[in-house]
DNA sequence: CGTTGCCACATTGCATGCAATGTGGCTCGG
DNA sequence: CCGAGCCACATTGCATGCAATGTGGCAACG
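Shown next as structure tokens:
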């Protein structure tokens, strides 16, 4: 990437971390891939110091595993661990649901509605990647409506950590259609500020999404 | 500290991070304190490279804030943010409660019981610091019983992040006595594997703890 | 006397060199 | 032919030097 282009002093580690994080959460860097410092420094045009600082950031986010003297590799996560993480995500979103219905501004809801419309467009256009990305954004925005920075931070970190696994499930077109329908229920509940309902709709949305995804991951469904 | 003593190659950043983290969560390093790299390198006997890597780790844990060209300082947290973080901690412990009642081994419960007995000892001896530390350990162990690594990891990180604030509330002797009583209810619920009950007891335990702590922080109660 | 601009010093950000460790291939003995 | 040991090379861990940026104090000016 951007060899020669120099990022601002004081933010290089952050930019490098973003770059690697994108590659990991998008699945471009497969699990257990070893990362070579020299290669990356040449790709990114920064020295090893900010690079290694980025490694430490990503390690504490759970995306990289660093073995002393052997370097960094993309953390491997089992479907079992993903399932447990989703349980945590559901808990976080449950708290968010009730709070979001209390604290969301109309502008925030409109923004989510706009994202939803855009997502439906991506669905109809068959743009899976775009759909998936907007989907994630919508969930994050709902959590952000809860006006709880800790909640937003943990939700973002954890959903990114398992993102590469969840992508699989959306490739099933039945699931895709159903998810769009569920999202409409979610928006309704939010718009009518029915916290308990939103919580339950979100919960079953995630559970049914995970059932599909797990089936795909375990090879029970051929694409 | 340990000038001259050299930590093993490959773990220095981690050890430095632990060292600083202890100082922050224990309150020895006050909020907004600027941290000077040169001073720390001399105290710890490591060079600036692992030190700066440790800074990045602690920054992503939310304990340090790094301003470019101005260095690291202990992140300031408002009581408002602490309250919001506690709401998240309660959500995490709620998930943990149900799961812990299903997955806890008898040995784990015995271990928690032993910690509880030790904590009562510290209480009777008036050893506040020791009491507080065991208290935190008990809650972490309960979460660990849930056998969900993500849950354990997030719970630990977040409880450490706000630890320095919660200490204040325990200095009220009424609260201290009540907390011990509540902990007995918690252990009972866990031992009888009553998940829903455990969840509710934990929830009200944290809420009443926070009410006291907030009052102390806001200066409504003189020590 | 207060304010502004400037300069020297302190501190951080990053690149790089060196030492330590890991790794793959080769030799040599069985 | 196979395996163990060894050696050269690749890679990482850390220390340190240099450049960029921030900061506090002093001087000059109003």
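Residue numbers (full-length UniProt numbering), protein chains in the order written: chain A, 1 to 223; chain B, 1 to 223.
Quick reminder that beta carbons are idealized off the backbone N, C-alpha and C, glycines included.
This structure is a prediction, so every number in the text was calculated from the model and none was measured.
Listed along chain A are 68, each with a C-beta nearer than 8 Å to that of residue 11 of chain B. For residue 64 of chain A, the enclosing beta strand (DSSP E) begins and ends at 64 to 67. With 16 or more other Cβ atoms inside 10 Å of its own Cβ, residue 60 of chain B counts as buried.
Secondary structure note for residue 39 of chain B: it is in no beta strand (DSSP E), and the uninterrupted alpha helix (DSSP H) holding it is 37 to 44. Here residue 104 of chain A has 145 as same chain residues with Cβ atoms under 6 Å from its own Cβ, once five neighbours each way along the sequence are excluded. Note on residue 39 of chain A: under 16 other CB atoms within 10 angstroms of its CB, so exposed under the neighbour-count rule. When the five nearest sequence neighbours on each side are left out, the beta carbons in the same chain lying within less than 7 Å of the beta carbon of residue 54 of chain B are those of 13, 16, 17 and 20, in order along the chain.
With a cutoff of 8 Å on beta-carbon distance, residue 75 of chain B and residue 89 of chain B are scored as not near each other.
Contact check for residue 150 of chain B against residue 158 of chain A passes: the beta carbons are separated by less than 8 Å. Secondary-structure assignment with DSSP links residue 129 of chain B through no beta bridge to anything.
Fewer than three beta-carbon pairs drawn from the region 105 to 116 of chain B and the region 158 to 173 of chain B are found closer than 8 Å, and the two stretches are therefore not classed as touching.
Secondary structure of residue 34 of chain A (DSSP, three-state): strand. Under the 8 Å Cβ criterion, the region 109 to 120 of chain B counts as touching the region 176 to 184 of chain B, having at least three qualifying pairs. The beta carbon of residue 56 of chain A sits closer than 8 Å to some beta carbon of chain B.
Going by beta carbons, residue 93 of chain A and residue 202 of chain A fall inside the 8 Å limit. Going by beta carbons, residue 143 of chain A and residue 180 of chain A fall outside the 8 Å limit. With a threshold of 16 other beta carbon atoms within 10 Å, residue 87 of chain B meets it and is buried. For residue 71 of chain A, the enclosing beta strand (DSSP E) covers residues 71 to 74. Under the 10 Å beta carbon count, residue 68 of chain A is surrounded by fewer than 16 other beta carbons and is classified as exposed.
Beyond the five residues adjoining it in sequence on each side, residue 95 of chain B comes within less than 8 Å, by CB distance, of 146, 148 and 151 in the same chain, given in chain order.
For residue 94 of chain A, the nearest beta carbon of chain B is closer than 8 Å to its own beta carbon. The beta carbon of residue 72 of chain A sits no closer than 8 Å to any beta carbon of chain B.
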